[in-house]
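Chains X and G, in that order, are what the protein sequence lines are. Residues in the first sequence are numbered consecutively from 224, following the numbering used here. Residues in the second sequence are numbered consecutively from 2, following the numbering used here.
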Amino acid sequence: DAGVIQSPRHEVTEMGQEVTLRCKPISGHNSLFWYRQTMMRGLELLIYFNNNVPIDDSGMPEDRFSAKMPNASFSTLKIQPSEPRDSAVYFCASSLVGRETQYFGPGTRLLVL
Amino acid sequence: SQQGEEDPQALSIQEGENATMNCSYKTSINNLQWYRQNSGRGLVHLILIRSNEREKHSGRLRVTLDTSKKSSSLLITASRAADTASYFCATGPPNSGGSNYKLTFGKGTLLTVNP
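The following block contains the structure:
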């Protein structure tokens, strides 16, 4: 099993640019989670999907953030426009509905200049 | 706000010693999990303990849960340099309808095991 795949692994962009982060969950997993990790705030849940449907997006910081899951094997997290305070490591995790353990991807390290 | 809070924030020990990390939480939980994060990597699940369990073992790991005190501890015995990582506790709220639910993570304990 390849595990959760995220791309890109590193992204450097300038303020105001659009950023798209991608995630492929583990095959067969039907829950997907997007997290953001910073030194100041730790690991924060942004949004999660069950069976491709967004269940809870209360952690999405503001309208500049959006997430989609068009099918069971792909999800995107988009930031438009990006700001320096969005700099963080963004993790995607997946799990099976009914199972508590989450499997994390390697993360995307985003730097907004 | 963070549900789980680890203590200490950082811990430095010698190889072969035991390491104990604590986690406190605020509201009722269904289970508590511990994850490890090596520098620059994603989190890896270590062990899960349910609210009706008091102690659980997995290899060199021992987890306890005291729901009356809303606290948990993770003990790593006979530590190795490879155990150097950040350790996070994560709590899951009481289950609802069997669907997945979100985990709330603490800020972690940075463990350094010196060779």
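Every residue gets a Cβ at the ideal spot worked out from N, C-alpha and C, and that includes glycine. In this text, all values refer to a predicted model and were calculated from it rather than measured experimentally.
| Query | Result |
| --- | --- |
| Which stretch, first to last residue, makes up the beta strand (DSSP E) that contains glutamate 7 (chain G)? | 6 to 8 |
| Pairing CB atoms from the stretch 243 to 261 of chain X with CB atoms from the stretch 305 to 318 of chain X, are three or more of them under 8 Å? | yes |
| Is histidine 46 (chain G) close to chain X? Criterion is C-beta to C-beta, closer than 8 Å. | yes |
| How many Å lie between valine 235 (chain X) and glycine 41 (chain G) at the Cα? | 16 Å |
| Would you decide whether glutamate 241 (chain X) is buried or exposed? Buried here means 16 or more other CB atoms lie within 10 Å of its CB. | exposed |
| With lysine 71 (chain G) and glycine 265 (chain X) assumed to form a contact (beta carbons below 8 Å), what rounded beta-carbon distance in angstroms separates them? | Going by Cβ atoms, the distance from lysine 71 (chain G) to glycine 265 (chain X) rounds to 19 Å, so no, they are not a contact pair. |
| Chain G partners of threonine 324 (chain X), CB-CB under 8 Å? | Gln34, His46 and Leu49 |
| Beta carbon of asparagine 273 (chain X), beta carbon of asparagine 253 (chain X): below 8 Å? | yes |
| Please state if the CB of proline 95 (chain G) and the CB of serine 25 (chain G) are separated by a distance shorter than 8 Å. | no |
| If you draw a straight line from the C-alpha of phenylalanine 327 (chain X) to the C-alpha of arginine 259 (chain X), how long is it? | 12 Å |
| Nearest-angstrom Cα distance between serine 13 (chain G) and valine 114 (chain G)? | 6 Å |
| Output yes or no for whether 8 Å exceeds the beta carbon distance between leucine 62 (chain G) and isoleucine 48 (chain G). | yes |
| Below 8 Å on C-beta distance, what does glycine 93 (chain G) contact in chain X? | Glu323 |
| Quick one: list the residues of chain X neighbouring glycine 43 (chain G), beta-carbon separation under 7 Å, in chain order. | Phe314, Phe327, Gly328, Pro329 and Gly330 |
| Provide the residue(s) that pair with methionine 262 (chain X) in DSSP beta bridges, ordered along the chain. | According to DSSP, which records beta bridges pairwise, methionine 262 (chain X) is partnered with nothing at all. |
| Quick check on the burial criterion: 16 or more other C-beta atoms within 10 angstroms. Buried or exposed for serine 1 (chain G)? | Nothing can be reported for residue 1 (chain G), as the shown portion of chain G is limited to 2 through 116. |
| Please list, in chain order, the chain X residues whose beta carbon lies closer than 7 Å to that of leucine 104 (chain G). | Gln325 |
| Are alanine 91 (chain G) and phenylalanine 106 (chain G) touching if we call contact CB-CB under 8 Å? | yes |
| For the beta strand (DSSP E) containing valine 276 (chain X), name the first residue and the last one. | 276 to 279 |
| Just checking: is the beta-carbon of leucine 266 (chain X) within a distance shorter than 8 Å of some beta-carbon in chain G? | yes |
| Within the stretch 11 to 58 of chain G, note down every full beta strand (DSSP E) run reaching 3 residues or more, in order along the chain. | 11 to 15, 20 to 25, 32 to 38 and 44 to 51 |
| DSSP on alanine 1 (chain G), reduced to helix/strand/coil? | Here chain G comprises residues numbered 2 to 116, so residue 1 (chain G) is not present and cannot be evaluated. |
| Report the three-state DSSP secondary structure of aspartate 286 (chain X) (helix, strand or coil). | coil |
| Just to confirm, is the Cβ distance from threonine 110 (chain G) to asparagine 19 (chain G) under 8 Å? | no |
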